[in-house]
Ligand code: SF4
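In my numbering, the protein residues as written are 3 to 453.
Spelled out as structure tokens, the structure:
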């Protein structure tokens with residue numbers, strides 16, 4: 003009889019890339035461990051950390067402190083910290099937390115079975131080598147009913163934006179072989195999958211350094227041809243590297259959803275230069291105009307940093323102007339926080355916290371207005387919706403996403419979860435839409451078909 007598997011609990015902080023990395027952790031440990039949603043029954047507890055902002059890093063350290071209690075109750079529990087904070091802190095983290103067994107970096111994920119074996123034998127281990135290899139893993143098995151997945155297509159970044167810690171904690175850019183990506187997506191579709199999100203720190207530069215000559219757009223075209231793919235998304239794009247061929251793809255590829263996340267970070271040339279972003283206010287808006295010509299209904303989201311060192315009120319106002327001109331449907335905005343090793347952390351003209359807070363509030367108020375306007379434009383229109391689950395307010399109501407990425411709540415049978423349906427938008431709210439399902443026109447696709 004097969005030995006019962008031990009329990010693995012993973013707490014994930016940060017971005018989509020980290021969510022995908024947590025899936026990878028579960029995959030590489032899958033022979034010995036199975037995931038649990040209950041931390042108190044875990045044999046192995048992993049924290050997957052994010053170092054992109056100081057706040058995220060502080061949260062991890064406070065969680066780690068609070069886990070002392072769990073470890074006292076269950077001394078056999080193995081505790082590991084991985085991801086960007088682990089990469090950055092290494093030995094220091096192990097020294098600061100005597101109850102911690104393992105610190106593993108962003109490349110250590112691939113070597114977890116060996117590392118966990120060592121801590122199970124009583125060692126305390128730090129593995130934060132950025133030169134570790136990232137081998138292709140055995141093919142993934144999807145849980146029945148999985149209809150959305152993320153596929154990592156590249157790791158690391160060569161851009162060295164002056165505020166960003168990623169190149170230091172995730173290493174230099176490396177793309178996966180296209181055949182491995184295509185095989186993974188094909189397997190997922192054969193298992194009943196519908197929507198794939200391709201992930202990389204800067205997907206637009208996908209393909210550099212590979213033996214086969216391939217661009218990111220060519221990869222999208224190959225994936226678009228796979229039978230059964232309803233929706234294809236990707237994150238994240240660097241505006242400088244957004245090529246005309248990729249812009250055109252939005253108007254041409256059936257599966258490619260009409261939504262692009264294009265982080266602008268600031269709307270003023272002086273600050274963009276200090277950030278080492280490689281584009282200007284004008285260039286960014288030219289790309290937005292080209293996207294809207296290629297794909298008139300496209301929705302745009304972005305990332306914005308307020309209070310970058312040296313940002314004046316006039317600079318900030320230019321950012322607000324750019325937001326209005328681009329007409330962002332959604333944005334993710336943050337106060338600048340200095341990160342270790344980055345150039346901007348050494349700039350002498352840091353902006354006061356209260357100024358950052360006041361600007362962030364103004365920027366977010368503007369975004370709320372823009373989002374509501376964009377939602378209001380959808381009222382009365384009929385859209386395809388992928389039903390993702392139940393609404394936050396009630397399990398009587400379904401929740402899904404338009405191809406343009408807005409969330410819509412509507413009434414319908416729970417069997418629709420995981421399938422495509424059509425909905426008429428009836429109400430616009432600041433963070434979501436309300437809709438009515440178009441009865442009789444649903445093209446229900448069953449979930450969990452076997453290969
Ligand atoms: S492109 Fe810039 S912001 Fe994005 S991961 Fe690379 S260095 Fe960081």
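For glycine and all other residues, C-beta sits at the position ideal for the given N, C-alpha and C.
Where residue i falls: helix, strand or coil (DSSP)
i	result
residue 401	strand
residue 155	coil
residue 459	Past the boundaries of the shown model lies residue 459; the chain is included only from 3 to 453, so the question cannot be answered.
residue 451	Residue confidence for residue 451 is low, a pLDDT of 28 falling below 50, so the modelled location carries little weight and cannot support an answer.
residue 251	helix
residue 289	helix
residue 20	helix
residue 244	coil
residue 433	coil
residue 215	coil
residue 438	strand
residue 376	helix
residue 362	helix
residue 381	coil
residue 198	strand
residue 134	coil
residue 176	strand
From the options, residue whose alpha carbon lies closest to that of residue i
i	options	result
residue 338	437, 359 and 407	359
residue 319	137, 274 and 270	270
residue 125	101, 111 and 148	101
residue 119	194, 438, 45 and 252	45
residue 203	137, 196, 189 and 218	218
residue 95	368, 122, 77 and 67	67
residue 327	290, 308 and 296	290
residue 135	114, 142 and 127	114
residue 196	429, 431 and 423	423
residue 277	347, 225 and 143	347
residue 43	8, 371, 351 and 304	8
residue 165	65, 17, 206 and 349	349
residue 344	169, 414, 313 and 37	169
residue 14	40, 35, 379 and 62	62
Sub-8 Å separation of residue i and residue j beta-carbons
i	j	result
residue 153	residue 201	yes
residue 268	residue 336	no
residue 183	residue 221	yes
residue 426	residue 404	no
residue 389	residue 400	yes
residue 261	residue 213	no
residue 252	residue 244	no
residue 265	residue 321	no
residue 329	residue 368	no
residue 239	residue 211	no
residue 324	residue 286	yes
residue 237	residue 199	yes
Proximal residues to residue i (C-beta, below 6 Å), its chain only, five neighbours per side dropped
i	result
residue 446	At residue 446 the pLDDT is 45, less than 50, meaning the model places this residue with poor confidence and gives no usable figure here.
residue 376	331
residue 80	46, 103 and 121
residue 160	174 and 175
residue 110	129
residue 406	260, 261 and 301
Cut-off 7 Å between Cβ atoms - residues of its own chain near residue i, not counting five sequence neighbours on either side
i	result
residue 449	Bear in mind that a pLDDT of 34 at residue 449, under 50, signals an unreliable position, so the number given afterwards is only what the model happens to contain. Taken in chain order, the residues that qualify are 147, 149, 194, 420 and 421.
residue 281	241, 242 and 274
residue 171	53, 86, 89, 90 and 108
residue 362	308, 335 and 337
Run of the beta strand (DSSP E) containing residue i, from where it starts to where it stops
i	result
residue 82	80 to 84
residue 349	Note, residue 349: premise wrong, no beta strand (DSSP E); not H, not E.
residue 170	It is not in any beta strand (DSSP E) - residue 170 instead sits in the alpha helix (DSSP H) that spans 168 to 172.
residue 72	It is not in any beta strand (DSSP E) - residue 72 instead sits in the alpha helix (DSSP H) that spans 56 to 75.
residue 409	409 to 413
residue 205	Residue 205 -> no beta strand (DSSP E), and no H or E assigned at all.
residue 384	384 to 392
residue 36	35 to 37
residue 425	422 to 430
residue 129	127 to 129
residue 98	Where residue 98 is concerned, there is no enclosing beta strand (DSSP E), although the alpha helix (DSSP H) it sits in stretches over 93 to 98.
residue 191	Segment 180 to 192 is the alpha helix (DSSP H) holding residue 191; no beta strand (DSSP E) there.
residue 336	332 to 337
residue 237	233 to 237
residue 261	261 to 263
residue 161	Careful: residue 161 lies outside any beta strand (DSSP E) and carries neither H nor E.
residue 13	8 to 14
Element boundaries [alpha helix (DSSP H), containing residue i]
i	result
residue 119	114 to 122
residue 315	315 to 328
residue 225	218 to 226
residue 395	Residue 395 -> no alpha helix (DSSP H), and no H or E assigned at all.
residue 111	Careful: residue 111 lies outside any alpha helix (DSSP H) and carries neither H nor E.
residue 308	That residue, residue 308, is in no alpha helix (DSSP H); its beta strand (DSSP E) goes 301 to 308.
Close Cβ partners of residue i (< 8 Å) along its chain, the five nearest in sequence each way excluded
i	result
residue 141	185, 186 and 189
Any non-hydrogen atom of the ligand PLP within 7 Å of residue i CB
i	result
residue 168	Summarising the ligand content, the structure contains the ligand SF4 and does not contain the ligand PLP.
Chain C contact for residue i (CB, 8 Å cutoff)
i	result
residue 119	The structure shown has no chain C; it contains just one protein chain.
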